[in-house]
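> Encoded as structure tokens, here's the structure I'll be asking about.
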Amino acid sequence: MQTLTTQVAIIGAGPSGLLLGQLLNRAGIDNVIIERVSGEYVLGRIRAGILEQGFVDLAREAGAAYRLDEEGAVHEGFSIAQGDRAHRIDLKTLTGGDVVVCYGQVEVTRDLMQLRAAAGATTFYHAADAKIHEPLSANSRVTFRYEDQDYELVCDFVAGCDGFHGISRQTIPQKLRTEHERVYPFGWLGVLSETPPVADEIMYCKSQRGFALASMRSNTISRYYLQVPIDEKVENWTDALFWAELRRRLPKVCADRLVTGASIEKSIAPLRSFVCEEMRYGNLFLVGDAAHIVPPTGAKGLNLAASDVAILYQALRRVYDDDDRSSLARYTEVALRRVWHGERFSWWMTNMLHNFGDMTVDGMAGATFSRFMQSQLDYYLGSENGRRVIAEQYVGLPYEKI
Ligand code: APR
Ligand code: PHB
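Reminder that position 351 of the sequence shown reads as 351 in my numbering, one-by-one numbering, no gaps.
Shown next as structure tokens:
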């Protein structure tokens, strides 16, 4: 067994772990990242790419925004279409100046990986069997296996940044955590293609045939999604079928100008709302997807991960700079307050924009639920105050100081 020592052991090299690691590096707080798969594998997972101002500010503080500032596209608004009619949510005007930035999560991750490598900070990729030991004692440590060798990483704190399927959440005894979950009866079939996007801004489309989303990564790369049944298989969708169905769900003016091409990536993601109510267990802190999942309809997943990182980072700075551990006790409370806002917004947008067909929802017949949701959407889109409520949440609620 090889023993290593660090201040913060970070499990997972997704955006949460890498961003926290980068902030800690800049503050002179030693950290080691343990990741189960390879860096290339992490970068192969296509994820959303809408960044709130809070994310951009945090990336700047981490010194990780050099490419984001150069290449990220500022979006001053987005659209919600109902059938052929698109309603623009003018983020900038409605919020008094706030916008979002379109820059893929994969690129955020790539930038952070490069900075970490350049800083010479330790990352174990392909690390197997990570386990957290004694998070309640002064003898906290993480063990893992790397290249046929057993390692023990002795640390002050463990940041559980290992996503929804990681081991960190399971380390918190079940009786100490309450888990809230809603699984939606559909998934999103996503296609990435080297084609110019159908619109300059993101468009969420509600249609009789189900939801569709038109997004992009750049002027030459598009990202589209279709609502599909939960048990749908990606093999059933040729590119031709995908484009034909997308055309039917977009407003006619967009369908007419849609440019199609070969897909670079095609996958189905289930939709889930999930919150683990306890994000701390002694020296272990859950961050990002390890503690909560949102359906992608509000583009909040990465942004909620970033606010957790910001809060934990502040609390750790207090410990190491001021020898003050008091804010650690407020981590769960402060982080979850913002998480629940993001959960509520994503759940609300998902309910309003998807087609639940004749499925019973919230104890109501599908047809009844869909009338409520239709009326709700009409009301919010038809009122400037309603559009402001959407805009204010889309750009992201403020970060709370711990
Ligand atoms: N040991 C080590 N690493 C692990 C383990 C484990 N047992 N289990 C999971 N991991 C790694 C995964 O391989 C992954 O690279 O943890 C990482 C978690 O990354 P993400 O799932 O991307 O989670 P997070 O960093 O919190 O990012 C949140 O990503 O999933 C999206 O919508 C989400 O945009 C949000 C963002
Ligand atoms: C994406 O571009 O992948 C994307 C954008 C907005 C969302 C979800 C996904 O709400």
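Backbone N, C-alpha and C define an ideal beta-carbon position, used for all residues, glycine too.
1) Hey, would you say the C-beta of R45 is under 8 Å away from at least one heavy atom of the ligand APR?
2) Mind reading off the beta-carbon distance from A214 to L226? Whole number of angstroms is fine, and I expect it under 8 Å.
3) Could you tell me which residues DSSP puts in a beta bridge with L153?
4) Helix, strand or coil for L335 per DSSP?
5) Which term fits L241, buried or exposed, when burial requires 16 or more other beta carbons within 10 angstroms of its beta carbon?
6) Could I get the ranges of all uninterrupted beta strand (DSSP E) runs contained in the segment 67–145, with 3 residues as the minimum, in chain order?
7) State the Cα-Cα distance for the pair A117 and G301, rounded to the nearest angstrom.
8) Let me check you understand the geometry: is the CB of R217 closer than 8 Å to at least one non-hydrogen atom of the ligand PHB?
9) Assuming G187 is part of the beta strand (DSSP E), what are its boundary residues?
10) Is any non-hydrogen atom of the ligand APR found closer than 8 Å to the C-beta of L302, if you look at the structure I gave you?
11) What's the C-alpha gap between R318 and R325?
12) Between the segment 268–284 and the segment 128–135, are three or more C-beta pairs nearer than 8 Å?
13) In the segment 300–350, which residue ranges form an unbroken alpha helix (DSSP H) of at least 4 residues, counting only runs that do not cross its ends?
14) Terminal residues of the continuous alpha helix (DSSP H) containing E384?
15) Would you say the beta carbon of I293 is closer than 8 Å to some non-hydrogen atom of the ligand PHB?
16) Let me know if M1 comes out buried or exposed under the rule of 16 or more other beta-carbons within 10 Å of its beta-carbon.
17) So if DSSP puts K206 in a beta bridge, which residue, or which two residues, is it bridged to?
18) Excluding the 5 residues flanking Y146 on each side, which residues of the same chain have their C-beta closer than 6 Å to its C-beta?
19) Flag L91 as yes when its Cβ comes closer than 8 Å to any non-hydrogen atom of the ligand PHB, and as no otherwise.
20) Please classify N283: does DSSP put it in a helix, a strand, or coil?
21) Is the number of C-beta pairs between the segment 183–196 and the segment 256–268 that are closer than 8 Å three or more?
22) Using the C-alpha atoms, what's the distance from Y379 back to L94?
23) Would you call the segment 154–161 and the segment 176–185 touching, i.e. three or more CB-CB distances under 8 Å?
24) Among residues of its own chain, excluding the 5 on either side of M352, which ones have a beta-carbon nearer than 7 Å to its beta-carbon?
25) When DSSP labels each residue in this structure, what does R45 get in the three-state scheme?
26) Under 8 Å Cβ to Cβ from E277, same chain only, skipping five residues before and after it: list those, please.
27) Does the ligand PHB have even one heavy atom less than 8 Å from the beta-carbon of L19?
28) For R36, tell me which candidate among N139, V74, A130 and D90 has the shortest Cα-Cα distance.
Reading it off the structure:
1) In the sequence shown, counting from the first residue as 1, residue 45 sits at position 45. Remark: the C-beta of R45 is in contact range of the ligand APR, defined as less than 8 Å to any heavy atom.
2) Your numbering for residue 214 matches position 214 in the sequence shown. Your numbering for residue 226 matches position 226 in the sequence shown. Contact doesn't hold; Cβ gap of about 11 Å is too wide.
3) For the purposes of this step, residue 153 is taken as the residue at position 153 of the sequence shown. Paired residue(s): L4 and V142.
4) Looking up residue 335 in the sequence shown gives position 335. Correcting the residue type first, residue 335 is Ala in the shown sequence and not Leu. If DSSP states are grouped into helix, strand and coil, A335 belongs with the helices.
5) Numbered from 1 along the sequence shown, position 241 holds the residue referred to as residue 241. It is exposed - the Cβ of L241 has fewer than 16 other Cβ atoms within 10 Å.
6) 73–75, 78–82, 85–89, 100–102 and 128–133
7) Walking along the sequence shown from the start, residue 117 turns up at place 117. Walking along the sequence shown from the start, residue 301 turns up at place 301. Going by the C-alpha atoms only, they are around 25 Å apart.
8) For the purposes of this step, residue 217 is taken as residue 217 along the sequence shown, with counting starting at 1. Yes, the ligand PHB has a heavy atom inside 8 Å of this Cβ.
9) As a first step, residue 187 is located in the sequence shown; it is residue number 187 there, counting from the start. Per DSSP, G187 belongs to the beta strand (DSSP E) from T178 to S193.
10) The residue labelled residue 302 in the question sits at position 302 within the sequence shown. Yes.
11) Position 318 of the sequence shown holds residue 318. Position 325 of the sequence shown holds residue 325. Cα-Cα distance, rounded: 7 Å.
12) yes
13) 301–322
14) By one-based count along the sequence shown, residue 384 stands at place 384. Per DSSP, E384 belongs to the alpha helix (DSSP H) from E384 to Y394.
15) Stepping through the sequence shown from its first residue, residue 293 is reached at position 293. Outside the cutoff, so no.
16) Looking up residue 1 in the sequence shown gives position 1. Exposed is the call here.
17) Taking the first residue of the sequence shown as 1, we reach residue 206 at position 206. In the DSSP assignment, K206 forms a beta bridge with Q82.
18) On the sequence shown, position 146 is the one that residue 146 refers to. Excluding residues within five positions, the ones whose Cβ falls inside 6 Å are F124 and A127.
19) As a first step, residue 91 must be located in the sequence shown, where it is residue number 91. Outside the cutoff, so no.
20) Within the sequence shown, residue 283 is the residue found at index 283, counting from 1. Here N283 sits in coil by DSSP.
21) yes
22) Counting from one through the sequence shown, the residue named residue 94 turns up at place 94. Counting from one through the sequence shown, the residue named residue 379 turns up at place 379. In a straight line, the C-alpha of L94 is about 16 Å away from that of Y379.
23) no
24) Start at 1 with the first residue of the sequence shown, and residue 352 comes out as number 352. Counting only Cβ-Cβ distances below 7 Å, and skipping sequence neighbours, we find M373, Q376 and L377.
25) Against the sequence shown, residue 45 aligns to sequence position 45. Here R45 sits in coil by DSSP.
26) On the sequence shown, residue 277 is found 277 positions in, with the first residue counted as 1. Once the five neighbours on either side are set aside, the close Cβ partners of E277 are R177, T178, E179, H180, T332 and L336.
27) Along the sequence shown, one-based indexing puts residue 19 at 19. L19: no, Cβ never under 8 Å from the ligand PHB.
28) Counting from one through the sequence shown, the residue named residue 36 turns up at place 36. Per the Cα distances, A130.
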